[in-house]
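What follows is a single structure, written as structure tokens, with notes after it.
In UniProt numbering, the protein residues as written are 1 to 191.
Structure (structure tokens):
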């Protein structure tokens, strides 16, 4: 988080032909591992609610959630303290429902009221499975919900390959929308 706060003010973007600081268009909701468990659990909802507020104003919003694994760990701690029946790896049985509820708040909407406006939310959620184990309940639940999954490969990162996305383990449910691009790029390409 300290990195974001020190580097973001230096970054700029061009909006309507005018360069401005990225911080003029950024909201940060931060929690650290030493914060109370309830705060860690609530922060993801605070972030998506802020995103929905700006979406309803007609903006296209990008939300980065780093990391949904830590959020799920907070859910596990709260569930344990409430003496709820644990499921896989001690996570609450409703973990997949909570993740789905979060990710399903993304998308494009036409807002009620006037003036007419349309906004969208794109969610980029980082999942950090322990030891890169893709059978982790958080990873499995996320893979069943998310439309696109970029698998980061530790070996590629160690070789200074950037971005270290391993396309062999990455998936997308948007193949049909990409057909025109692939047809223009390589007419013989098929998947």
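Backbone N, C-alpha and C fix where the C-beta goes; we use that ideal spot for every residue, glycine too.
- prompt: Roughly how many whole angstroms lie between the Cα atoms of residue 167 and residue 153?
  reply: 9 Å
Sub-9 Å separation of residue 71 and residue 104 beta-carbons: no
Residue ranges of each beta strand (DSSP E) within the stretch 27-80, 3 or longer: 60-66
- prompt: Any idea what DSSP makes of residue 128, helix, strand or coil?
  reply: coil
task: Have a look at residue 29 and residue 150 and give me their C-alpha separation to the nearest angstrom.
output: 23 Å
message: According to DSSP, simplified to helix, strand and coil, what is residue 118?
response: strand
Straight-line Cα distance separating residue 97 from residue 137: 12 Å
query: By how many angstroms is the C-alpha of residue 54 removed from the C-alpha of residue 61?
result: 7 Å
- prompt: Which two residues bound the contiguous alpha helix (DSSP H) that contains residue 7?
  reply: 2-7
query: What did DSSP end up calling residue 90 once you bin it into helix, strand or coil?
result: helix
- prompt: Does the separation of the CB atoms of residue 145 and residue 99 fall below 9 Å?
  reply: yes
field: Exposure label - residue 202; buried when at least 16 CB within 10 Å
entry: For the chain, the structure presents residues 1 to 191; residue 202 sits outside this window and is missing.
field: Sequence-distant residues of its chain with Cβ nearer than 8 Å to residue 31 (five each side left out)
entry: 39, 40, 43
- prompt: Any idea what DSSP makes of residue 182, helix, strand or coil?
  reply: helix
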